[in-house]
Amino acid sequence: MRTADRSGRRTADRARRCTEASARGRTETEARAKGRAETEASARSRTETEARSRASAASSGRRTAARSGLLVAATALLGAVAAAPPGAQEWTAAPAAGRPYAYLEGPAGSVLQDTLSVTNPGTAPLTVRLTGQGAPVSFAARTVTVPARTRADVPFAVTVTADTPPGEHRGTVRAAAAGREVRVDLRLRVSGPHLAALTVEDVHVDTRTGALRYTLVNRGTTVLAPRLAVRAEGLLGTVLDRPDRALPLILRPGERATRTEPWPDPPALDSVTVRLTATAPGAAPATARAEAAFASGPALTGAGGLLLAAAGGAGYAVRRRNRSRTPGEQAGASRASRTQRAPAGATP
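Numbering (the working numbering), first residue to last: 1 to 348.
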């Protein structure tokens, strides 16, 4: 009985020792696996840290290079600005409020006002001279000194005279400084009724060349595109007939234009009446006339020869008729001639 108990205890001890050995083996295996994992994690961490360090160094190098490039560019730009002449920072002149042109509108006899902005971006004061062209422009000051880095707003006025025709008018505001000039477009609209009226004046015929000189005048308040027709009548009928055609001409209100119409083959011997008729859209036809007598040297010579020939022929016919009379007819004609020449109351 005791032998069996001892055998059982030994078997139990062996089983316990096997279990403990197995547990120790598992613990050691897990410890070794954990160590390897920690070693691998530590290696990966070191690798990632090194990669991040290299990336950071590369990025820092790129940023340094970029900063260096920007510094070089900025230095070059500053050097260029420092080396640029004073006029390189150009001043500007424009209508106030950034408009592309100055626009004024009002009736005839009024005074219209606007403002010109002159900007000086330079580092020294700028003296600007102001003038107007194509319109009666007056300034508060003809010469303005603009301080450095400053904008000056200069008022100006346009006087619309009482005889200014309604319609569109153009002008220019000019600003000059530092050897440079800036021109600002000025557009003026004068209000009033729209009237299209065209006249033909001062018609003259050059009898040497046949050229027709005339003047077209826009008497209305709108812009006109005139057309012209020409007709000439001689003693024996029409010698020139040109239908109306567009002229390469635009007439603004109040504007006049003197033109020449060629006539390369005028009559050599004739008395003519030339009529010029001008038309324009919306305007009544305008007609003017001129008289001219053409008599060239060869034509006069020929006409004189014809007259002499006619006179000679008439004399020859009279002489021949006298020779063909009988002596009795000649005596009767002689007595009739003496009777007509005798004074009243005389006896033949």
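Virtual Cβ for every residue (Gly too), placed ideally from N, Cα, C.
Rounded distance between the beta-carbons of residue j and residue i, thought under 8 Å
{"i": "Ile250", "j": "Val223", "result": "6 Å"}
{"i": "Arg289", "j": "Arg275", "result": "5 Å"}
{"i": "Val184", "j": "Thr172", "result": "7 Å"}
{"i": "Thr207", "j": "Ala292", "result": "5 Å"}
{"i": "Ser349", "j": "Gly106", "result": "Look at the range of the chain in this structure, 1 to 348, and you will see that residue 349 is not part of it."}
Alpha-carbon to alpha-carbon, residue j and residue i
{"i": "Ser271", "j": "Leu195", "result": "38 Å"}
{"i": "Ala94", "j": "Asp265", "result": "56 Å"}
{"i": "Arg219", "j": "Pro136", "result": "22 Å"}
{"i": "Thr350", "j": "Leu126", "result": "In the structure displayed, the chain extends from 1 to 348; residue 350 sits before or after that span and is not available."}
{"i": "Thr273", "j": "Ala284", "result": "22 Å"}
{"i": "Ala211", "j": "Val205", "result": "6 Å"}
{"i": "Arg180", "j": "Thr92", "result": "10 Å"}
{"i": "Val217", "j": "Thr258", "result": "9 Å"}
{"i": "Gly134", "j": "Val160", "result": "12 Å"}
{"i": "Arg123", "j": "Ala178", "result": "The question names Arg, yet the displayed sequence has Thr at residue 123. Straight-line Cα distance between these residues: approximately 14 Å."}
{"i": "Glu201", "j": "Arg129", "result": "43 Å"}
{"i": "Ala363", "j": "Trp263", "result": "Summary: the structure shown does not reach residue 363, with the chain confined to residues 1 through 348, and so no result is reported for it."}
{"i": "Ala97", "j": "Arg151", "result": "12 Å"}
{"i": "Leu236", "j": "Tyr103", "result": "59 Å"}
{"i": "Gly234", "j": "Pro248", "result": "29 Å"}
{"i": "Arg256", "j": "Thr215", "result": "7 Å"}
Residue i classed as buried or exposed, judged by whether at least 16 other C-beta atoms fall within 10 angstroms
{"i": "Thr221", "result": "buried"}
{"i": "His349", "result": "As displayed, the chain neither begins before 1 nor continues past 348, which places residue 349 out of reach and without an answer."}
{"i": "Pro193", "result": "exposed"}
{"i": "Asp350", "result": "The displayed coordinates of the chain run from 1 to 348. Any statement about residue 350 would go beyond what the structure contains."}
{"i": "Leu77", "result": "Low confidence applies to Leu77: its pLDDT is 32, below 50, so where it sits in the model is not reliable enough to give any reading."}
{"i": "Pro267", "result": "buried"}
{"i": "Ala232", "result": "buried"}
{"i": "Ala141", "result": "exposed"}
When the options are compared against residue i, the one with the closest alpha-carbon
{"i": "Gln89", "options": "Asp241, Pro121, Gly132, Ala225", "result": "Pro121"}
{"i": "Arg227", "options": "Val239, His204, Ala278, Tyr103", "result": "Ala278"}
{"i": "Thr131", "options": "Ala96, Leu186, Asp163", "result": "Leu186"}
{"i": "Ser110", "options": "Val184, Arg189, Thr145", "result": "Arg189"}
{"i": "Phe139", "options": "Pro166, Ser117, Asp244", "result": "Ser117"}
{"i": "Ala286", "options": "Ala157, Ala197, Pro155", "result": "Ala197"}
{"i": "Val182", "options": "Ala295, Ser296, Tyr101", "result": "Tyr101"}
{"i": "Pro155", "options": "Arg149, Leu112, Ala148", "result": "Leu112"}
Endpoints, beta strand (DSSP E) assigned at residue i
{"i": "Asp185", "result": "180-191"}
{"i": "Ser117", "result": "111-120"}
{"i": "Arg99", "result": "Unbroken run through Arg99: none, as it is neither H nor E."}
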